[in-house]
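A.B. asks: Quick note: the sequence shown, position 184, residue 184 per UniProt numbering, numbers continuous.
Where a beta carbon is used, it is the ideal one built from N, C-alpha and C, also for glycine.
I have a structure I would like to understand better, so I am pasting it below and will then ask my questions one at a time.
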Amino acid sequence: MSPPIASGKSESGTARFLGSASSGILELLIFHPVDTVAKRLMSNQSKVFGDGKTNAESRALLNKIVFKDAANEAFMKKYASLFPGLGFAAGYKVAQRVYKFGGQPFVKDYLNTHHKSVFTNTFGEKTGKTIMHATAGSLVGIGEIALLPLDVLKIKRQTNPESFRGRGFLTIIKDEGMGLYRGAGWTAARNAPGSFALFGGSAFVKEYMFHLQDYNKATFFQNFCASIGGAVASITVAAPLDVVKTRIQNRNFDNPESGLNIIKDLIKKEGFSGFFKGLTPKILVVGPKLIFSFTVAQQLIPFFDKALKN
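Right, here's the structure in full:
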């Protein structure tokens, strides 16, 4: 998830596509390992610390959870083990970034053109503007379930590679069909408040901290602050449903489990703190990750636009 990019009319759709796609690829190569660690921690259902374990035993267990079969390998092999499912991740990340970067401004423009009075009359001029950005983000976030199969395959490769059993991408698509949309409802339920908080938090910072009339004219520092505010709010709000979504998706294809059963087992075995597993590494990477992707997109979109016009 990412804050909206500038939507200047002088930039072509091709340039925006190339800039957003490039941003997604570069972000993936740098941050995919951290995402893998977060997913594996969220999927883990055992207590790493406590229950009479020594520090050495806890560290060994954590090492096994994070690096799986490469737990006892050298550093470079451990690092390489954090890139399972990179092909699926690449497809998903690029499509997601293009969809998010390009989609939210279009939805926001539609709401601004046809429903602005509803927001301003209900929330006032400044707050209505912020809520409009948040609502556009939420609607785009819900629509993101169209990309769910790639996300499912990415998560399974990161957390449960045994579920592939040597099958290729096309074979899995053929065998599983609509099963790849398992957890779509939970994904939409996660994305709606998460995207609302992301775009709304970003708009709130620009509106109330920096008093910007045109969000697209924000400086680098202003975008930095807005991205951190929106991203941290989004990750925190979406964390509980993100854990449920991840556990639904990382199950074996032939052994699905409902979200309600996962919630019941999670509360029973791990307590409510289990809903926030993996939150710390996600929070730690959210700031640099979103700032990086936002900056790269902002730099590359005008670059591609200029190059295409020459």
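Who are the Cβ neighbours of V66 in its own chain at under 7 Å, not counting the five residues just before and after it?
C.D. replies: Exclusion of the five residues before and after V66 leaves V37, R40 as the residues of its chain whose Cβ lies within less than 7 Å of its Cβ.
A.B. asks: Roughly how many angstroms separate the alpha carbons of P4 and A307, rounded to a whole number?
C.D. replies: The predicted position of P4 is uncertain, since its pLDDT is 46 and thus under 50; a value taken from the coordinates is nonetheless stated next. Rounded to whole angstroms, the gap between the alpha carbons of P4 and A307 is 23 Å.
A.B. asks: Taking the alpha-carbon positions, what's the D51 to K269 distance?
C.D. replies: 13 Å
A.B. asks: Along the alpha helix (DSSP H) that carries F119, what are the first and last residues, could you check?
C.D. replies: 116-123
A.B. asks: Assign Q104 to one of three DSSP states: helix, strand, or coil.
C.D. replies: helix
A.B. asks: Rounded to whole angstroms, what's the CA-CA distance from T130 to H211? Just pull it up for me.
C.D. replies: 12 Å
A.B. asks: I want to know whether the segment 52-65 touches the segment 129-143 - three or more CB-CB distances under 8 Å.
C.D. replies: no
A.B. asks: At 4 residues or longer, and completely inside the segment 30-110: list those alpha helix (DSSP H) runs for me, N to C.
C.D. replies: For the segment 30-110, whole alpha helix (DSSP H) runs of length 4 or above, ordered along the chain, are 55-67, 75-80.
A.B. asks: Under 7 Å Cβ to Cβ from S12, same chain only, skipping five residues before and after it: list those, please.
C.D. replies: D305, L308
A.B. asks: Using the C-alpha atoms, what's the distance from G103 back to K116?
C.D. replies: 18 Å
A.B. asks: Is it right to say S293 is buried, meaning 16 or more other beta carbons lie within 10 angstroms of its own, or is it exposed?
C.D. replies: buried
A.B. asks: How many Å lie between D265 and F106 at the Cα?
C.D. replies: 41 Å
A.B. asks: For the candidate residues S81, I145, V48, G19, whose alpha-carbon lies nearest to that of N191?
C.D. replies: I145
A.B. asks: Can you tell me which of F224, A231, A184 puts its alpha carbon nearest to the alpha carbon of V194?
C.D. replies: The question names Val, but residue 194 in the sequence shown is Gly. Answer by Cα proximity: A231.
A.B. asks: Run the CB neighbour count on A203, radius 10 Å, all protein chains shown included, and call it buried at 16 or more, exposed below.
C.D. replies: buried
A.B. asks: Which residue's Cα is closest to the Cα of A239: L279, P149, W186?
C.D. replies: L279
A.B. asks: For a test of the three-state rule: what should DSSP assign to G278, helix, strand or coil?
C.D. replies: DSSP places G278 in coil when its eight states are reduced to three.
A.B. asks: Classify L198 as buried or exposed, calling it buried when 16 or more other Cβ atoms lie within 10 Å of its own Cβ.
C.D. replies: buried
A.B. asks: Among the candidates S22, T14, D35, whose CA atom is the shortest distance from the CA of T246?
C.D. replies: D35
A.B. asks: For V98 versus F17, is the C-beta spacing smaller than 8 Å?
C.D. replies: yes
A.B. asks: Just to confirm my understanding: we take T187, look at its own chain, exclude 5 residues before and 5 after, and list those with CB closer than 7 Å. What are they?
C.D. replies: Counting only Cβ-Cβ distances below 7 Å, and skipping sequence neighbours, we find I145, L148, K245.
A.B. asks: Expressed to the nearest angstrom, what Euclidean distance is found between the alpha-carbon atoms of K289 and T120?
C.D. replies: 33 Å
A.B. asks: Please classify G8 as buried or exposed, where buried requires at least 16 other C-beta atoms within 10 Å of its C-beta.
C.D. replies: The predicted position of G8 is uncertain, since its pLDDT is 40 and thus under 50; no value can be drawn from it.
A.B. asks: Whose C-beta lies closer than 7 Å to the C-beta of K126 among residues of the same chain, with five residues either side of it excluded?
C.D. replies: E207
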